[in-house]
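Taking it in order: structure first as structure tokens, then the write-up.
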Amino acid sequence: MSHTQTAARYLSRATARVRGYLPTRLPTYLPTRDDLAVMCASPREDAVAGLTVAVAALPLSLGFGVASGLGAQAGLVSAVVAGGLAAVLGGSKLQITGPTGILAVALLPVARAYGAAGVLTTGLLAGLALMAAARFGIGRYVRLVPAPVVTGFVTGGAAVIVCQQLPAAIGTHGTDGEGVAASAVRALGDFSPDRNGAAAAMTIGVLALCLAARRLPAVLPVPLLAVGIATALTHFLHLPLATIGRLPAGLPAPSLDFVSPMLVPHLLPSVLAVAALGALEALMTAAAADALSHGERHDGDRVLLGLGIANVVTPLFGGMAATGTVCRTGINIRSGAVSRLAAIVNVAAIALVAFTAGPLVSAVPLAALAGFLIAIAVRMVDLTALRALRGSGHGQLAVAAVTATATLLFGLVTGVTVGAALTAALALHAVTRTAAVHRMLPRQNPAREGDAPLPVPDDASVAVYRIDGPLLFTTAERLLKPVSGSQATVTVLHMARVTIIDATGVLALGEAIDIHYRRRAHILLSGIRPNHRPHLDSLGVLRRLRSHEHHAFAAPADAVRYAQHALLNPLALPGPAPDASWLETDDTMSG
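For the sequence shown, UniProt numbering assigns the number 1 to the initial residue and increments by one for each residue that follows.
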């Protein structure tokens, strides 16, 4: 038996023992035997990926902690505590959880108004809200997000990484409070080859090595080697480059002293905002991880539950609220992660390095880190998916492009919202284009055996139309225009092929009926679907028909026969009921 199999067996036994002491439902959210087997099957790939993410996550976590108003240590605690709990309990195997910019922006006003106690209480209550959302199955609805929106979100996340790292890459400074795109443009305007050449050269060198890593042996952790070489060169050549800087050390003891019931009513709007932002970012990141890994499938409710538990526990140690991070998750996947072990290694590396080897990490130049992150961003862009969207038609590539642009310029929530709205508009447009109205021409019907032939009515006296597709606010005017303009004595409207009807369509139909009655003509309906009758009845259309006569029929042939014998020639005896082939379609009226 191999060492890997032995390790998997011991881990499985240990997990089984833990399960026995936990509540009934919680064990279902612990790693399964299959998870443990995968973790033990590829430890080297996961270790390299976890260490690679840790190098990028350290400065980001510290920076977001400062941006939230709690300080650098709060970001570090969030990356360790929340990241570790979500890695074990979360529903996405490859997702990295930690502090993010969008949550930092949401928490900063709370910090200014209510201090650290308000931020920590907000995080704890948001965690409880996320757990409740998981209980009610809200996580499953992220699967309704269209593929172009997910692709655009990932592409926009890659652009955000590039813009975030551009000031450090060229040795200039962005402006706090600006968007990442505006900050990148300002940094480019401040670039000077004489003053910033060393930083730009180091960024390009690390970027080139990382991009060339695909052609090098897989056993070489090229990104880590590149960052290590850059750090050594900076130290021995005394290059004037900015570094990560001093790191805080140690986790504080857990405490609930920050909880103040008096603050809760004032914090509820911020709690709901943080919970909603955290849920959306985590679920979208999980969907992006599925797309990047080409085979994984996350559990949305478990993502929310793991994130909720993480956010309940993290404030006890003084950490800020956390959520899934698209940038670090992309780094994790593109660095070769295959299981939860990569996220666990990431957390362990952050804790070990930050709390025991802070001086070593503090010497890493920001330019080297920027080159590595830009290389990861380049690899996050899925050209295959973009080419597939381009060939799918219906503006799918445009949806991805708009989502990516909005994500870069305005943030995650705006990007996803705009992308989803554009997708809905394109889908409605596609459905609208399928709607058509056809003029159905009467023709001589072969008489049944033993019956007299049925005469064909005059086109000027009877007109028959058939509507195909949805009768909605986007189609009602176009579809009913020829019906309303019909000069026939009797107009038959066949509705068996109407797929959807809304209030606008019903009201437009009622107006067409009134137009006919005002000029003393008749309109007959046929083929009304049972599920459409309540809509027609609730808005008075069927009552209008009944107030004149019973003018609704099962088939257009029945309506024409009624018009022929009861309206046009009241003295004529009823003839045989014609079959459906009595009418043919004139496609010249097709919409």
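Positions of the beta carbon are idealized from the N, C-alpha and C atoms, including for glycine.
How about residue i and residue j: do their beta carbons lie closer than 7 Å?
i: residue 150; j: residue 289; result: no
i: residue 440; j: residue 464; result: yes
i: residue 321; j: residue 126; result: yes
i: residue 107; j: residue 78; result: no
i: residue 559; j: residue 538; result: no
i: residue 374; j: residue 160; result: no
i: residue 282; j: residue 303; result: yes
i: residue 158; j: residue 377; result: yes
i: residue 307; j: residue 130; result: yes
i: residue 601; j: residue 371; result: Nothing about residue 601 can be read from this structure; the chain reaches only from 1 to 591.
i: residue 323; j: residue 278; result: yes
i: residue 541; j: residue 510; result: yes
i: residue 75; j: residue 99; result: yes
i: residue 82; j: residue 314; result: yes
i: residue 512; j: residue 489; result: no
i: residue 230; j: residue 72; result: no
i: residue 430; j: residue 476; result: no
i: residue 317; j: residue 366; result: no
i: residue 364; j: residue 204; result: no
i: residue 545; j: residue 552; result: yes
i: residue 425; j: residue 51; result: no
i: residue 80; j: residue 351; result: yes
i: residue 196; j: residue 234; result: no
i: residue 417; j: residue 474; result: no
i: residue 380; j: residue 180; result: no
i: residue 293; j: residue 333; result: yes
i: residue 239; j: residue 213; result: no
i: residue 116; j: residue 166; result: no
i: residue 605; j: residue 345; result: The requested residue 605 does not occur in the structure, where the chain is confined to residues 1 to 591.
i: residue 423; j: residue 43; result: no
My guess is that residue i and residue j are in contact by the Cβ rule of under 8 Å, so how many angstroms apart are they, rounded?
i: residue 337; j: residue 104; result: Their Cβ separation, rounded to whole angstroms, is 25 Å, which puts residue 337 and residue 104 out of contact at 8 Å.
i: residue 246; j: residue 362; result: 6 Å
i: residue 200; j: residue 242; result: The Cβ separation is near 13 Å, so there is no contact.
i: residue 312; j: residue 128; result: 6 Å
i: residue 152; j: residue 399; result: 6 Å
i: residue 226; j: residue 211; result: In fact, because the Cβ distance is near 10 Å, the residues do not count as touching under 8 Å.
i: residue 492; j: residue 536; result: Rounded, the Cβ-Cβ distance is 16 Å, inconsistent with contact.
i: residue 222; j: residue 121; result: Not really, about 44 Å apart at Cβ, beyond 8 Å.
i: residue 53; j: residue 335; result: 7 Å
i: residue 529; j: residue 494; result: At roughly 11 Å, the Cβ-Cβ gap does not stay under 8 Å, so residue 529 and residue 494 are not in contact.
i: residue 347; j: residue 123; result: About 18 Å separates the two Cβ atoms, so there is no contact after all.
i: residue 613; j: residue 56; result: What is shown of the chain runs 1 to 591, which leaves residue 613 out entirely.
i: residue 413; j: residue 280; result: 6 Å
i: residue 397; j: residue 383; result: At roughly 12 Å, the Cβ-Cβ gap does not stay under 8 Å, so residue 397 and residue 383 are not in contact.
i: residue 118; j: residue 267; result: 6 Å
i: residue 428; j: residue 148; result: Contact flag wrong, Cβ pair sits at about 15 Å.
i: residue 102; j: residue 411; result: 6 Å
Just list the residues that DSSP pairs residue i with in beta bridges.
i: residue 238; result: DSSP lists no partner for residue 238.
i: residue 98; result: 323
i: residue 132; result: Its beta-bridge partners do not exist; DSSP assigns none.
i: residue 436; result: 468
i: residue 203; result: Residue 203 is not bridged to any residue.
i: residue 243; result: 365
When every heavy atom of the ligand SAH is checked, does at least one fall within less than 6 Å of the C-beta of residue i?
i: residue 323; result: The model depicted lacks the ligand SAH and carries no ligand whatsoever.
> What are the start and end residues of each continuous beta strand (DSSP E) run of 3 or more residues lying completely inside the UniProt domain "STAS" (452-563), in chain order?
Replying inline: 462-471, 490-494, 498-501 and 522-526
>> Just to confirm the assignment: which complete alpha helix (DSSP H) runs, minimum length 4, are found wholly within the region 351-389?
In response: 358-362 and 366-380
>> Which complete alpha helix (DSSP H) runs does the region 288-363 hold, if anything under 4 residues is left out?
In response: With a minimum length of 4 residues, the continuous alpha helix (DSSP H) runs that stay inside the region 288-363 are 300-313, 326-334, 341-356 and 358-362.
>> Quick test of the definition: if touching needs 3 or more C-beta pairs under 8 Å, does the region 87-95 touch the region 395-412?
In response: no
> Are there three or more Cβ pairs, one per stretch, closer than 8 Å when the region 298-309 is compared with the region 81-92?
Replying inline: yes
> If you pair each beta-carbon of the region 345-361 with each one of the region 108-128, do three or more pairs fall below 8 Å?
Replying inline: no
>> For the pair the region 427-439 and the region 187-196, tell me if three or more CB-CB distances fall below 8 Å.
In response: Touching, no, given that fewer than three Cβ pairs across the two stretches are closer than 8 Å.
> If you scan the region 36-120 from start to end, which runs of the alpha helix (DSSP H) of 4 or more residues do you find wholly inside it?
Replying inline: 43-67, 72-77 and 83-89
> Any chance the region 497-504 sits against the region 467-479, with 3 or more Cβ pairs inside 8 Å?
Replying inline: yes
> Whole alpha helix (DSSP H) runs in the region 149-196 with 4 or more residues, listed along the chain?
Replying inline: 180-189
> Just checking, does the region 340-348 make contact with the region 133-141 on the three C-beta pairs under 8 Å criterion?
Replying inline: no
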